[in-house]
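K.L.:
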Amino acid sequence: MADSPATPADITVAPPADADGARYAAWFHELDAWTEYWDIYHPESAGRFYFGDGASETGLLSRFLPRDSRPPVFTAWTKMALRTGPASAFVDAARDPDVAAAISEVDDLMTRLFAKHFGDAREPAVRDDYLAATFRFAADTLPAATERYARIADDDMRKSTAGRHTLDGDIMWFAWALHTEAADLVADPAAHARRTLFQAGVAMGCAVNFAWRGHRRTRPEYTRDAATAALLLERGRAWAQDYGSAVAEIHALFRIREWGNPD
Numbered sequence: 000m001a002d003s004p005a006t007p008a009d010i011t012v013a014p015p016a017d018a019d020g021a022r023y024a025a026w027f028h029e030l031d032a033w034t035e036y037w038d039i040y041h042p043e044s045a046g047r048f049y050f051g052d053g054a055s056e057t058g059l060l061s062r063f064l065p066r067d068s069r070p071p072v073f074t075a076w077t078k079m080a081l082r083t084g085p086a087s088a089f090v091d092a093a094r095d096p097d098v099a100a101a102i103s104e105v106d107d108l109m110t111r112l113f114a115k116h117f118g119d120a121r122e123p124a125v126r127d128d129y130l131a132a133t134f135r136f137a138a139d140t141l142p143a144a145t146e147r148y149a150r151i152a153d154d155d156m157r158k159s160t161a162g163r164h165t166l167d168g169d170i171m172w173f174a175w176a177l178h179t180e181a182a183d184l185v186a187d188p189a190a191h192a193r194r195t196l197f198q199a200g201v202a203m204g205c206a207v208n209f210a211w212r213g214h215r216r217t218r219p220e221y222t223r224d225a226a227t228a229a230l231l232l233e234r235g236r237a238w239a240q241d242y243g244s245a246v247a248e249i250h251a252l253f254r255i256r257e258w259g260n261p262d
């Protein structure tokens with residue numbers, strides 16, 4: 000864990016001896032090892048924490064994220080965020096027994112992995128450390144995933160992104176938020192502080208990703224510079240202690256993504 004909060008210079012320029020980057024990359028590597036790259040690192044899971052193995056395991060993500068279809072809970076979340084549907088529809092869809100079970104099982108994995116890599120989300124230093132990790136993930140300044148890249152076959156569709164710890168699919172920021180928001184309804188309430196931090200990370204990281212890498216529209220005041228980095232870190236720290244504000248900001252960012260404005 001870092002001894003002091005990251006500064007904009009720390010997270011916008013990757014240093015030659017990148018000890019923090021290596022720690023942060025290990026967190027994202029393990030998340031990916033259970034999900035997209037399960038067949039390489041956790042074949043025993045049969046893709047349970049992803050979209051299954053194409054055979055007997057259908058995968059937990061299939062119950063709440065779109066791939067071959069759009070699950071009702073995903074549709075309800077988008078309508079809620081866009082203010083074209085009631086929040087109650089999302090709540091009802093998240094509490095469907097099959098959906099709630101999937102959400103809770105994935106959330107339990109997130110709780111275990113977060114404790115392993117960061118610690119207790121109630122501690123300010125842990126929150127700062129996680130936000131720095133998420134900033135670098137969003138801006139694509141983490142060390143290369145050379146070991147993983149070497150293990151992916153050249154004809155594997157994942158090859159083009161296997162060598163980096165980042166997120167290229169812009170909708171996945173909101174998928175992350177959806178899962179966290181649903182988990183706060185149906186999963187272990189003891190993980191609320193960690194989920195609040197996750198939502199702060201999405202609100203900050205989505206903005207960083209869109210401003211730094213131009214994936215989609217974000218707030219006009221966010222540009223790729225140190226001033227924006229400082230602003231987003233400040234806002235991230237505030238969101239990390241205010242679940243409702245973090246969620247409201249994510250919904251606003253989704254409206255900007257879709258419509259170009261938050262209203």
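For the sequence shown, position 185 (counting from the first letter as 1) is numbered 184 according to numbering that gives the first Met the number 0, and the numbering increases by one without interruption.
Ideal Cβ placement from N, Cα and C applies to all residues, glycine included.
Around the Cβ of residue 248, are there at least 16 other Cβ atoms within 10 angstroms (buried) or fewer (exposed)?
P.N.:
Against the sequence shown, residue 248 aligns to sequence position 249. By the 10 Å Cβ count, residue 248 comes out buried.
K.L.:
What does the alpha-carbon distance come out to for the pair residue 254 and residue 34?
P.N.:
The residue labelled residue 254 in the question sits at position 255 within the sequence shown. The residue labelled residue 34 in the question sits at position 35 within the sequence shown. One C-alpha to the other measures close to 27 Å.
K.L.:
Apply the 10 Å Cβ neighbour rule to residue 225 and answer buried if 16 or more other Cβ atoms are within range, or exposed otherwise.
P.N.:
Here residue 225 refers to the residue found at position 226 when the sequence shown is read from its first residue. When all chains shown are included, residue 225 counts as exposed.
K.L.:
Evaluate residue 58 with the Cβ neighbour count: other Cβ atoms within 10 Å of its Cβ, from every protein chain shown; 16 or more gives buried, anything less gives exposed.
P.N.:
Sequence index remark: in the sequence shown, residue 58 carries index 59 (1-based). Buried, since its Cβ has 16 or more Cβ neighbours within 10 Å.
K.L.:
Counting only the same chain and skipping the five closest in sequence on each side, list residues whose C-beta sits under 6 Å from that of residue 120.
P.N.:
Reading the sequence shown from its first residue, position 121 is the one you call residue 120. Excluding positions up to five away in sequence, the list reads 192, 193, 196.
K.L.:
Determine, using beta carbons only, whether residue 92 comes closer than 8 Å to chain C.
P.N.:
No chain C is present in this structure, which holds just one protein chain.
K.L.:
Return helix, strand or coil for residue 249, following the three-state DSSP convention.
P.N.:
Taking the sequence shown and counting its residues from 1, the one referred to as residue 249 is at position 250. In this structure, residue 249 counts as helix in the three-state DSSP scheme.
K.L.:
Assign residue 122 to buried or exposed, taking buried as 16 or more other Cβ atoms, counted over all protein chains shown, within 10 Å of its Cβ.
P.N.:
Position 123 of the sequence shown, counting from 1, holds the residue named residue 122. Residue 122 is exposed by the Cβ-count criterion.
K.L.:
At which residue ranges does the segment 19-102 contain complete beta strand (DSSP E) runs of 3 or more residues, listed in the order of the chain?
P.N.:
Taking only runs of at least 3 residues, no beta strand (DSSP E) segment lies wholly in the segment 19-102.
K.L.:
So what does DSSP say about residue 234, is it helix, strand or coil?
P.N.:
Within the sequence shown, residue 234 is the residue found at index 235, counting from 1. Three-state DSSP puts residue 234 in a helix.
K.L.:
Specify, as a first and last residue, the run of the alpha helix (DSSP H) that residue 212 falls within.
P.N.:
Here residue 212 refers to the residue found at position 213 when the sequence shown is read from its first residue. Per DSSP, residue 212 belongs to the alpha helix (DSSP H) from 191-212.
K.L.:
Whose CA, out of 56, 143, 53, 90, lies closest to the CA of residue 71?
P.N.:
Here the question's residue 71 lines up with position 72 in the sequence shown. Minimum Cα distance to residue 71 is reached at 90.
K.L.:
So, do the segment 60-77 and the segment 143-150 have three or more beta carbon pairs nearer to each other than 8 Å?
P.N.:
With the cut-off at 8 Å, the segment 60-77 and the segment 143-150 do not touch.
K.L.:
Curious, which full-length alpha helix (DSSP H) runs of at least 4 residues does the segment 140-177 contain?
P.N.:
Counting whole runs of 4 or more residues, the segment 140-177 contains the alpha helix (DSSP H) stretches 145-150, 158-161.
K.L.:
Assign residue 243 to one of three DSSP states: helix, strand, or coil.
P.N.:
By one-based count along the sequence shown, residue 243 stands at place 244. DSSP places residue 243 in helix when its eight states are reduced to three.
K.L.:
So, residue 32 versus residue 23, is the Cβ gap smaller than 8 Å?
P.N.:
Numbered from its first residue, the sequence shown carries residue 32 at position 33. Numbered from its first residue, the sequence shown carries residue 23 at position 24. No. Outside cutoff.
K.L.:
Which of the three DSSP states, helix, strand or coil, is assigned to residue 104?
P.N.:
On the sequence shown, position 105 is the one that residue 104 refers to. Helix, per DSSP.
K.L.:
I'd like to check one pair, residue 203 with residue 231: are the Cβ atoms closer than 8 Å?
P.N.:
Position 232 of the sequence shown, counted from the first residue, corresponds to residue 231. Position 204 of the sequence shown, counted from the first residue, corresponds to residue 203. Yes; because the gap between Cβ atoms is below 8 Å, this pair is in contact.
K.L.:
Considering only their Cβ atoms, is the gap separating residue 93 from residue 184 smaller than 8 Å?
P.N.:
Along the sequence shown, one-based indexing puts residue 184 at 185. Along the sequence shown, one-based indexing puts residue 93 at 94. Cβ atoms of residue 184 and residue 93: closer than 8 Å.
K.L.:
Would you call the segment 157-174 and the segment 198-215 in contact, with 3 or more CB pairs under 8 Å?
P.N.:
They touch, by the three-pair rule.
K.L.:
Just to confirm, are residue 139 and residue 163 a CB contact at a threshold of 8 Å?
P.N.:
For the purposes of this step, residue 139 is taken as the residue at position 140 of the sequence shown. For the purposes of this step, residue 163 is taken as the residue at position 164 of the sequence shown. A contact, by the Cβ cut-off of 8 Å.
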